[in-house]
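Worksheet: the structure to be examined is printed underneath.
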């Protein structure tokens, strides 16, 4: 059944992060778009708070004039402000008996909800229960969401990736074992400062160890810390990079580091897997569904600096282990986490809701 679908979420071109990447992938899929008429309504852009507020308000007013052209709404939602912004859309659509798919992102969603006052918790619960279908990124999230919100129609659709885009990023991984890459928002949540602490310890044993740190966030703070610890030769802060630069960096490294404290199903890990890299990450969110310890990477506890040091050392010192992880990741990404499989599942939801 062909549907006229409006995707509501952040701007593809004027915002950064996983939600925009997922939406961009849907719009680029010719098969999915031939099955349904899909358009995007941009509800958010990056910028200062005044710019974001004005844009969001104008966007919502515009939406109220166009919503009736569509029969299905695919709403992408993260935690904090994103939840309450999307709440206005969902309440508006529910009153008009429109079908709503709520696609939940945001690594800190459980923590965000648990820290709310009871009155706001009730508002968030209403947002969830007003949605016809909820998409969770992992089985772990599905289980937690079912417990929190008592929603009866939560399904799992893992993030997927276009593996062909990463062909050029593949290299003979075991020969660049001293080189590592962090991709993501720089800050405490993704373990950026833990990486600095680990490299401070390891640089004495491995003086040529090198970490590229790419992303937005606390760039000045991390640079100051690196300078303070005299690690400028071992950690290079690249800031936010475009896709071409990302491929270039992936070519230079053996391992992707993501020692996060909270995650959903991180695109960074999927990108590393698609490029045949070893993955070092933590046992949070959906990460254990991506990374099997000692099979295609190494899993540590969040905040375990010694564990991070041991994992990095293992990759540097064990050539065959690095090679095995590389091969296993290329197989796993194609079989379980390709964008094609993700879009097939989304198409089934679009068709059958």
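Numbering (my numbering), first residue to last: 131 to 483.
Positions of the beta carbon are idealized from the N, C-alpha and C atoms, including for glycine.
Here the region 225 to 241 lies against the region 249 to 262, with 3 or more beta-carbon pairs under 8 Å apart. For the pair residue 287 and residue 265, the CB atoms are nearer than the 7 Å cut-off. Less than 7 Å divides the Cβ of residue 168 from the Cβ of residue 135. DSSP places residue 199 in the helix class (H, G or I) of the three-state scheme.
By the Cβ criterion, the region 403 to 410 is in contact with the region 424 to 444, since at least three pairs of Cβ atoms, one from each stretch, lie closer than 8 Å. Judged by their CB atoms, residue 207 and residue 170 are not nearer to each other than the 7 Å cut-off.
Annotation for residue 140: 149, 150 and 174 place their beta carbon closer than 6 Å to its own, counting only its chain and skipping 5 residues before and after. Our two residues, residue 474 and residue 355, have alpha carbons roughly 45 Å apart in a direct line. Put simply, of 278, 165 and 181 the residue whose alpha carbon is nearest the alpha carbon of residue 482 is 165. In the pairwise beta carbon analysis, the region 359 to 368 is classified as touching the region 320 to 330: at least three pairs are separated by under 8 Å. Among the bridge pairs identified by DSSP, residue 291 is matched with 468. When only Cα atoms are considered, residue 414 and residue 296 end up about 25 Å apart. At a Cβ-Cβ threshold of 7 Å, residue 316 and residue 349 count as neighbours.
Here residue 187 is exposed. Its C-beta has fewer than 16 other C-beta atoms within 10 Å.
Cβ-Cβ separation between residue 380 and residue 405: approximately 4 Å, consistent with a contact (criterion under 8 Å). In the structure shown, residue 131 falls within a coil segment according to DSSP collapsed to helix, strand and coil. Here residue 370 is exposed. Its C-beta has fewer than 16 other C-beta atoms within 10 Å.
By the Cβ neighbour-count rule, residue 192 is exposed, with fewer than 16 other Cβ atoms within 10 Å of its own. Within the region 319 to 396, the beta strand (DSSP E) runs of at least 3 residues that lie entirely inside it are, in chain order, 340 to 344, 365 to 369 and 385 to 388.
Counting every other CB atom within 10 Å of its CB across the protein chains shown gives residue 221 a total below 16, marking it as exposed. Under the 10 Å beta carbon count, residue 159 is surrounded by 16 or more other beta carbons and is classified as buried. Residue 246 sits in coil when the DSSP states are folded into three classes, being neither helix nor strand.
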